[in-house]
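Engineer:
Chains as they are written, first to last, in our numbering: chain P, 1 to 324; chain U, 1001 to 1350.
1. Against chain U, does residue 51 of chain P count as a neighbour if the rule is that its beta carbon must be under 8 Å from one of theirs?
2. Given a threshold of 16 other Cβ atoms within 10 Å of its Cβ, counted over all protein chains shown, does residue 1168 of chain U qualify as buried or as exposed?
3. Residue 46 of chain P touches chain U at which residues, Cβ-Cβ below 8 Å?
4. Let me check understanding here. Comparing Cα to Cα, which of U/1115, U/1027 and U/1240 lies closest to residue 1248 of chain U?
5. Considering residue 292 of chain P, what are the terminal residues of the beta strand (DSSP E) in which it resides?
6. Could you spell out the range, first to last residue, of the alpha helix (DSSP H) harbouring residue 1219 of chain U?
7. Rounded to whole angstroms, what is the Cα-Cα separation between residue 105 of chain P and residue 1033 of chain U?
8. Go through its chain and collect everything with a Cβ distance to residue 246 of chain P's Cβ below 8 Å, but skip five positions before and after it.
9. When the distance is taken between beta carbons, is residue 1087 of chain U closer than 8 Å to residue 1057 of chain U?
10. Quick check on DSSP: helix, strand or coil for residue 50 of chain P?
11. Excluding the 5 residues preceding and the 5 following residue 136 of chain P in the sequence, name in chain order all residues of the same chain whose CB lies nearer than 8 Å to its CB.
12. I want to verify the contact list: residues of chain U whose CB lies under 7 Å from the CB of residue 74 of chain P, in sequence order.
13. Near residue 284 of chain P, which residues of its chain fall below 8 Å by C-beta distance, leaving aside the five closest residues on each side in sequence?
14. If you draw a straight line from the alpha carbon of residue 265 of chain P to that of residue 240 of chain P, how long is it in whole angstroms?
15. Are the CB atoms of residue 29 of chain P and residue 56 of chain P nearer to each other than 8 Å?
16. Report the residues of the stretch 1028-1044 of chain U with a CB closer than 8 Å to any CB of chain P, ordered along the chain.
17. Which chain P residues are close to residue 1172 of chain U, counting only those with a beta carbon under 7 Å from its beta carbon?
18. Using a Cβ cut-off of 9 Å, which residues of the stretch 1051-1062 of chain U contact any Cβ in chain P, in chain order?
19. Do residue 325 of chain P and residue 60 of chain P have their C-beta atoms closer together than 8 Å?
20. What distance in whole Å lies between the Cβ atoms of residue 40 of chain P and residue 11 of chain P, which are believed to be in contact at a cut-off of 8 Å?
21. Quick one: is residue 986 of chain U buried, meaning 16 or more other Cβ sit within 10 Å of its Cβ, or exposed?
22. Scan the stretch 1115-1143 of chain U for residues whose Cβ lies nearer than 8 Å to a Cβ of chain P and list them as they occur along the chain.
23. My assumption, with CB atoms under 8 Å, is that residue 114 of chain P sits in contact with residue 168 of chain P. Please give the rounded CB distance.
24. Would residue 3 of chain P and residue 180 of chain P be called neighbours here (beta carbons separated by less than 8 Å)?
25. Please check the pair residue 1079 of chain U and residue 1162 of chain U, which I expect to be a contact at CB under 8 Å, by giving their CB distance rounded to whole angstroms.
26. Is the number of C-beta pairs between the stretch 1223-1233 of chain U and the stretch 123-142 of chain P that are closer than 8 Å three or more?
27. Helix, strand or coil for residue 1016 of chain U? Go by DSSP, reduced to three states.
28. At 9 Å on the CB atoms, spell out the chain P contacts of residue 1016 of chain U, in chain order.
29. Nearest chain P C-beta to residue 1011 of chain U closer than 8 Å, yes or no?
30. Got a sec: which bits of the stretch 148-175 of chain P sit with their beta carbon under 8 Å from any beta carbon on chain U, in order along the chain?
31. Going by other Cβ atoms of all chains shown within 10 Å of its Cβ, with 16 needed for buried, is residue 1235 of chain U buried or exposed?
32. What residue ranges within the stretch 1071-1096 of chain U form continuous beta strand (DSSP E) runs of no fewer than 3 residues, ordered along the chain?
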């Protein structure tokens, strides 16, 4: 099989799940005739028809509400946000209604809400968001943020089959930049499991999505200076795979968390607290954070570059940490 | 069906035992939510097909639209129904939900209880229109206005709307004119309500009016009334006792149930009432069954506005409008708008 992009991996996951299970449907803005703003659903309408690939008005709350209602009759809707920034428009529908159903009244909502997220492509402040932390604080969701085409496909399939509402963030910077050969047979990647992308003994870098690749780049540079960094890709943010993080830090005794989300209230703070609770005696230095500036995502390339972490800033923080 | 907190009557009619309402209010472990939520915030998807309401108004409208869409997809002949108040009709999701329902021609009935007050704000200071049913025109859907305190009118209107929606007529909005006789909740003495208004509506107690109707139609007499009341009282007494003697939930229960753990927790399987082959390739590539005929004719839904000229579309040949509701037109307490005929589903013109 020829290697495929991240985009194609997403498309394949939806295509294969819809072909295998008639209860899977896709609903969103321009997902049908146009095939999605990023063409992630290209060809689905032709194959599966109007009843299963549903173009909607520009009404994010109605998309989520309808997807939830459909799931109550046993369907497994995939709801697309054209850009994940617009998930803010249906915040109430998601947090107050969808996420609470199972806990409050025994009504699971097996829906997947997916869409392109993240900065680095000069999308400006309303097309570049990393909104994961708005929802990480809401019990009831699972939150997935893959970094490779293989994971994107396997995790999306697992998300569709999961009985809980899953928020599936697709970093648009990775959409066309990565290519990977995928297995020809059906596979899934389990939710809630992180993976060690690079083994090392001097310090642990925890990251996810696009920043995982930047972290790997920094790790290569660190290796040239004799610092072997272990890089963990979280893959799922909720539930968080605490065990993999703690195990790694017990070995390396140092931890740096890197994310594209803004620093204050980002997941690095949460991971830092977990390490203080569960690995305090193993830590040889502070848990450091490399994250975006606490500002909206600016538009101009010079400003956006200054906003985002990069391999250089990660390298610098890791060097500081290695000195402990 | 998804009743709101003021629709306990709908719950009881649908078959919810009174003990569920008592135990919910008392936060007992025997309640439908086992103490995790109160009031009528509970549902029963499996048996009674009831979706739980939440406190945020309007959210149920797209959800029940989705229920109707899924029902059609699965080949089930269902109609979904929910309620909203005059207050809730000002939310954004009211518009988003009704517009999606209209564009999908969903078999969905929305009952808008116009009880004159959103907490302390009278309806005239919420909206600049007399009849909230007029909103339906903007969505190209049919509507009714009905005396919400007239049980018979309410029933026959709802019945007709449900039948109409079931036969593919698209969503229907029913505005029921009524009155909130007490405050917003127990703490609210509702002193802001003008005495004259209260007096007017107190004389129109729907239960008293219905009793009067039944007696005048010789369907009920004093003895029959007493029998019914005794039976209800005795049932309620037992149910109240059950609720009072029920335990509170154990504290450790608070940490349980955030996630569905899989098949052993919930088997999520749709109930197909059509051949699955119809929705699977190669047969699935079919035209939508809910396309509105005559779209692009240049006429508005109500046919009152100036014709719309798109320039690049040819006006289609107009078909005579069907009059499906002629028989109810004689009923004085019900007013109907013209059924929606076109423009409910549009080609993209942004």
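The beta-carbon is built from N, C-alpha and C at its ideal position, and this holds for glycine as well. Computed from a prediction, not measured in an experiment: that's the story for all the values here.
Structural biologist: Judging by the given coordinates:
1. yes
2. exposed
3. 1285
4. U/1027
5. 288-292
6. Residue 1219 of chain U -> no alpha helix (DSSP H), and no H or E assigned at all.
7. 5 Å
8. 274, 275, 278 and 279
9. yes
10. coil
11. 143, 237, 238, 267 and 270
12. 1268, 1269, 1270 and 1271
13. 253, 254 and 324
14. 16 Å
15. yes
16. 1032, 1033, 1036, 1037, 1041, 1042 and 1043
17. Here the premise fails: no neighbours, minimum Cβ distance about 17 Å.
18. 1051, 1052, 1054, 1055, 1056, 1058, 1059, 1060, 1061 and 1062
19. This structure does not reach residue 325 of chain P, given that chain P is present from 1 up to 324, and the question cannot be answered.
20. 5 Å
21. An answer regarding residue 986 of chain U cannot be provided, because it is not within the stretch 1001 to 1350 covered by chain U.
22. none
23. 4 Å
24. yes
25. 5 Å
26. no
27. coil
28. None at all; the shortest Cβ gap to chain P is about 13 Å.
29. no
30. 163 and 164
31. exposed
32. 1080-1085
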